[in-house]
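Student: Chains as they are written, first to last, in my numbering: chain A, 85 to 246; chain Y, 30 to 207.
Can you read through this structure? Questions will come right after.
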Amino acid sequence: MAIGQAAPAAGTSGTATAPAKVNLIRPITLRRAQDLWFGCLVIDPNSGQLQIVQTAADGGGTRKPDPPGVSQLLTSARPWHNARFEVGGQSEAGFTVTMPGYPIVIHGPGLQTMLVRLNYYCSDTMIDPQGSSIWVGGKLDIPENPRPGHYSGDFEVTVAYQ
Amino acid sequence: MKLISLALVAAGSISLFAGGGSATATAPAHVQIISPITLISNGIMEFGKVVVDDLSQPVVVKLEPTNNDSFIANKTIVNGTVLSSSQAPTVPFFHARYDKTVGWGGLTITTDPVVNLAPGVNLVPELGLGFVKNGCVIFPPLDPSQEASHFPVGGTLTADPDVLGEYNGLVSVTVAYN
């Protein structure tokens with residue numbers, strides 16, 4: 085800490101100076117680059133409950149049905165992929181990631197729903213000058229005899245400077 | 030600007046976050062559940078009774094579908110004659126129920142290359158994919174996510190020389206998502 089000095093002049097008043105500093109940094113930004121897509125699944129009607137575990141990882145990840153062998157991913161359809169978010173802001177600034185700690189609900193035809201438990205992967209704890217990515221995978225719980233159709237639901241990811 | 034001035038007076042060190050200290054983005058998680066394929070058949074591949082003309086030569090009988098809604102087939106014979114009391118030649122139909130989002134174009138249909146009915150008696154099935162009918166009604170009311178189509182299957186039967194008798198077999202057809 086700098087110590088201010090009194091001016092020697094009059095004696096009836098004193099003046100001192102102190103340093104002032106400010107550090108203005110860029111706002112942190114988060115942009116969705118890709119959805120979380122579990123793919124097109126043909127479910128064996130006799131399979132009972134099923135989970136699709138899609139592990140988030142840097143640019144890849146893994147995907148497997150549990151129990152194995154009771155679902156088929158159509159090769160003609162778009163391949164599955166994890167969600168990806170791009171983090172921007174002040175280079176080298178530390179940041180934290182917050183995800184829903186509870187399963188999110190995705191809605192399908194009629195009143196059918198499924199649950200997704202999310203997981204994420206981010207190799208950076210500080211914002212990379214080239215940009216940092218957050219990958220989001222999940223575990224999809226498929227009920228017995230799900231009704232065919234498209235199921236979708238939103239989830240939020242929040243980043244904050246530390 | 031006011032916030033900055035206050036910071037200078039206080040002579041402190043501060044990083045200004047204001048509303049920019051955090052950011053939130055939303056993404057959908059989604060999946061497409063596809064109806065399983067159901068395939069059923071009706072009708073039979075009826076070659077009928079054929080009198081062999083020359084026992085020293087093979088007999089070849091070919092059944093071809095005639096349209097997309099009839100079992101009646103065209104029959105051509107090499108080295109044989111149809112017996113007048115013979116059953117009319119017919120071909121079976123296969124009915125597939127599948128997911129509408131995938132569509133007929135997203136299916137692959139295959140059959141056994143050769144069905145061996147007995148030693149020296151072989152059948153080569155031929156998918157009648159030129160006679161596909163979309164909107165097959167043999168199934169119960171379809172789920173809105175489904176549609177159905179059917180098609181006949183013909184074939185060519187070849188019997189080696191001097192092979193006589195009644196023979197039966199099964200023609201297997203598989204419909205799968207690509």
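We put the CB at the ideal spot given by N, CA and C, even for glycine.
In this text, all values refer to a predicted model and were calculated from it rather than measured experimentally.
Run through DSSP, which three-state label would Phe122 of chain A get?
Tutor: Correct three-state label for Phe122 of chain A: strand.
Student: Considering only the alpha carbon of each residue, which of Y:Val81, Y:Thr55, Y:Gly77 lies closest to Asn197 of chain Y?
Tutor: Selected option, being the one with the closest Cα: Y:Gly77.
Student: Counting only beta-carbon atoms, is Ala56 of chain Y nearer than 8 Å to chain A?
Tutor: Ala56 of chain Y counts as touching chain A.
Student: Cβ of Trp121 of chain A less than 8 Å from any chain Y Cβ?
Tutor: So yes, Trp121 of chain A belongs to the interface.
Student: For Tyr245 of chain A and Thr180 of chain A, I'd like the C-alpha separation in whole angstroms.
Tutor: Spanning the two alpha carbons is a distance of roughly 6 Å.
Student: In chain order, what residues of the same chain lie with their CB nearer than 8 Å to the CB of Val200 of chain Y, ignoring the 5 residues before and after it?
Tutor: Once the five neighbours on either side are set aside, the close Cβ partners of Val200 of chain Y are Met74, Pro121, Thr140, Asp141, Val144, Leu152, Pro154, Val182, Gly184.
Student: Can you name, in chain order, every residue of its own chain whose Cβ lies under 6 Å from the Cβ of Val89 of chain Y, other than the five neighbours on each side?
Tutor: Around Val89 of chain Y: Val107, Thr187.
Student: Go through its chain and collect everything with a Cβ distance to Leu37 of chain Y's Cβ below 6 Å, but skip five positions before and after it.
Tutor: Reliability fails at Leu37 of chain Y, whose pLDDT of 33 lies under 50, so the model's placement of it is uncertain and no value is given.
Student: In or out: Ile167 of chain Y buried (at least 16 other Cβ within 10 Å) or exposed?
Tutor: Per the 10 Å Cβ criterion, exposed.
Student: Could you work out which residue in A:Trp219, A:Lys223, A:Pro193 is closest to Pro173 of chain Y when comparing CA atoms only?
Tutor: Closest option to Pro173 of chain Y, Cα to Cα, is A:Pro193.
Student: Identify, in the order they occur along the chain, each residue of the same chain with its Cβ nearer than 6 Å to the Cβ of Ala205 of chain Y, setting aside the five sequence neighbours on each side.
Tutor: Once the five neighbours on either side are set aside, the close Cβ partners of Ala205 of chain Y are Thr137.
Student: Who are the neighbours of Ser178 of chain Y on chain A, taking C-beta pairs under 7 Å?
Tutor: Residues of chain A passing the Cβ test: none, with the nearest at roughly 17 Å.
Student: Can you grab the Cα-Cα spacing for the pair Ala104 of chain A / Arg110 of chain A, in whole Å?
Tutor: The straight-line gap from Cα to Cα measures roughly 20 Å.
Student: Let me know the secondary structure DSSP gives Phe180 of chain Y once reduced to three states.
Tutor: The answer is strand: DSSP assigns Phe180 of chain Y an E or B state.
Student: Quick one: grab the DSSP three-state call for Trp219 of chain A.
Tutor: Note: Trp219 of chain A maps to strand in three-state DSSP.
Student: Rounded to the nearest angstrom, what separates Gln116 of chain Y and Ala125 of chain Y at their Cα positions?
Tutor: The alpha-carbon atoms of Gln116 of chain Y and Ala125 of chain Y are separated by roughly 27 Å.
Student: Counting Cβ pairs, one atom from each stretch, are 3 or more of them under 8 Å apart for the stretch 165-175 of chain A and the stretch 201-219 of chain A?
Tutor: They touch, by the three-pair rule.
Student: Distance check for Gly145 of chain A and Val60 of chain Y, CA to CA, integer angstroms please.
Tutor: So the alpha carbons of these two residues sit roughly 17 Å apart.
Student: Leaving aside the five residues before and after Leu84 of chain Y along the sequence, list all residues of the same chain whose C-beta is less than 7 Å from its C-beta, in chain order.
Tutor: These residues qualify, in order along the chain: Pro190, Asp191.
Student: Give me, in chain order, the residues of the same chain whose beta-carbon lies closer than 7 Å to that of Met183 of chain A; leave out the 5 immediate sequence neighbours on both sides.
Tutor: So the list reads Leu202, Tyr204, Val241, once near-sequence residues are dropped.
Student: Buried or exposed: which applies to Val131 of chain Y, given that a residue is buried once 16 or more other Cβ atoms fall within 10 Å of its Cβ?
Tutor: Buried, since its Cβ has 16 or more Cβ neighbours within 10 Å.
Student: Would DSSP call Gly237 of chain A helix, strand or coil?
Tutor: It is a strand residue.
Student: When the Cα of Ser114 of chain Y is compared with those of Y:Gly72, Y:Gly149, Y:Val80, Y:Asn103, which residue comes out closest?
Tutor: Of the candidates Y:Gly72, Y:Gly149, Y:Val80, Y:Asn103, the one whose C-alpha sits nearest the C-alpha of Ser114 of chain Y is Y:Val80.
Student: Give a yes or no on whether the C-beta atoms belonging to Trp208 of chain Y and Ser178 of chain Y are separated by under 8 Å.
Tutor: Lying before the first or after the last residue shown, residue 208 of chain Y is absent from chain Y, which here runs from 30 to 207.
Student: Since Gly157 of chain Y contacts Pro94 of chain Y with CB under 8 Å, what's their CB separation in whole angstroms?
Tutor: Right, their Cβ atoms sit about 4 Å apart.
Student: Compute the Euclidean distance between the alpha carbons of Gly193 of chain Y and Gly109 of chain Y, then round it to the nearest angstrom.
Tutor: Reading off the sequence shown, one finds Leu at residue 193 of chain Y, where the question assumed Gly. Their backbone Cα atoms lie some 12 Å apart in a straight line.
Student: Quick one: grab the DSSP three-state call for Phe123 of chain Y.
Tutor: In this structure, Phe123 of chain Y counts as strand in the three-state DSSP scheme.
Student: Mind listing which residues of the stretch 51-83 of chain Y have their C-beta closer than 7 Å to chain A's C-betas, in chain order?
Tutor: Going along the stretch 51-83 of chain Y in chain order, one finds Ser51, Ala52, Thr53, Ala54, Thr55, Ala56, Pro57, Ala58, His59, Val60, Gln61, Ile62, Ile63, Ser64, Pro65 with a Cβ nearer than 7 Å to chain A.
Student: If we cut at 8 Å on Cβ distances, does Gly49 of chain Y have a partner in chain A?
Tutor: Taking Cβ atoms only, chain A reaches closer than 8 Å to Gly49 of chain Y, which makes this a yes.
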